[in-house]
Amino acid sequence: MGQKILWDCHMHSSFSADSDAPMEEMIQTAADQGLTGICFTEHFDPDYPDTPENLDFSLNIPAYRQKLESLADAFKDQIQVNFGIELGLQPQLAESFSDLLKEVPFDFVIGSSHVVHGYDPYYPSYFEGRKESACYMEYFESILENIAAFDEMDVYGHIDYVVRYGPNQNRQYSYGRYKEILDEILRTLIRKNVGIELNTGGYHYGLGEPNPCVNIIRRYRELGGEIITIGADAHTPDKIGYAFDKAADVLRECGFSYYAVFKNRRPVFHKL
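The sequence shown begins at 68 in the working numbering and counts up one residue at a time.
What follows is the structure, encoded as structure tokens:
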């Protein structure tokens, strides 16, 4: 074993519509775990479809920033707290996201696909009456549409998020089945100098793999990808740093000796 992963760069608090966790509690838990730093990446998904729970994925960025800065200061002797955002990408939002990033000095920007042509695969309606493989393929095609419209994020989040929610999850899913389109996604990201993340959420969803799966991470490295961040996608304190020992092993297996942490939108590389 090499160095333990000491940064969790994907987490949510009650500023995100799908979390009730107080920010203080998330920070304290991370500090108690002995992490060096964390980055909050609150959800901002404008133009989000209606859901059974009527979730509102808008984000009060000034309030979020103010709270984070005051807590970062309060905890500064225990842990570093960075200011990030997870943008829910859709092509029609490209211009507004570009404007936002000119105005707000985030440390780290994740671009993620949550909504595919008006549907979030989190809800079963995305899969109703269709073959699972067609739903997965549409999801990956939408990633390419998103990158073509907007490429100002630092990393693309959980590239195979869709498999968390498929009727069979990842039982019939593999990198090999979707190799052609996944390679196109990875090559496009590398060309645009956008990294990927290893999101350990896949482990707490019972997939036995991170998102994206190990073979995608390996392929990203083979194609020359160097920027990879690590996050547990925690929405509750108990998920912070989840399965980070496995994540470190996966990265090493896939040929990485470093992981990235973004500060002021620039990657700082930490040895594994």
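Glycine included, every Cβ here is placed at the ideal spot set by N, Cα and C. Model, not experiment: these values are computed from the prediction.
| task | Indicate whether at least one CB of chain D lies closer than 9 angstroms to the CB of I295. | result | In the displayed structure, chain D is absent; only one protein chain is listed.
| In whole angstroms, what is the alpha-carbon distance linking V176 and F150? | Distance between the alpha carbons of V176 and F150 is about 9 angstroms.
| query | Which first and last residues belong to the alpha helix (DSSP H) in which V281 is found? | reply | Element bounds for V281: 281-289.
| request: Let me know the secondary structure DSSP gives E120 once reduced to three states. | output: DSSP places E120 in coil when its eight states are reduced to three.
| Expected contact under 8 angstroms - CB spacing of L253 and R286 to nearest Å | With a Cβ gap of about 6 angstroms, L253 and R286 count as contacting.
| said: Going by the DSSP bridge assignment, what does Q95 pair with across the sheet? | reply: Residue pairing by DSSP places Q95 opposite no residue, since no beta bridge is assigned to it.
| request: Take S324 and list the residues in its own chain whose beta-carbon comes closer than 6 angstroms to its own, dropping the five residues that flank it on each side. | output: Around S324: L339.
| Taking Cβ positions, are F329 and D174 nearer each other than 9 angstroms? | Yes.
| task | Could you check the C-alpha separation between Y272 and V281 for me, to the nearest Å? | result | For Y272 and V281, the gap between their C-alpha atoms comes out near 15 angstroms.
| task | Spatial neighbours of Y326 within its chain, please: CB distance less than 7 angstroms, with the 5 preceding and 5 following residues excluded, ordered by chain position. | result | Excluding residues within five positions, the ones whose Cβ falls inside 7 angstroms are I72, I295, T296, I297, L318, H337, L339.
| Considering only residues of the same chain and omitting the five flanking positions on each side of F311, which have a CB-CB separation below 8 angstroms? | For F311, where only same-chain residues beyond five positions count, the Cβ hits under 8 angstroms are K71, I72, D75, T267, I297, A299.
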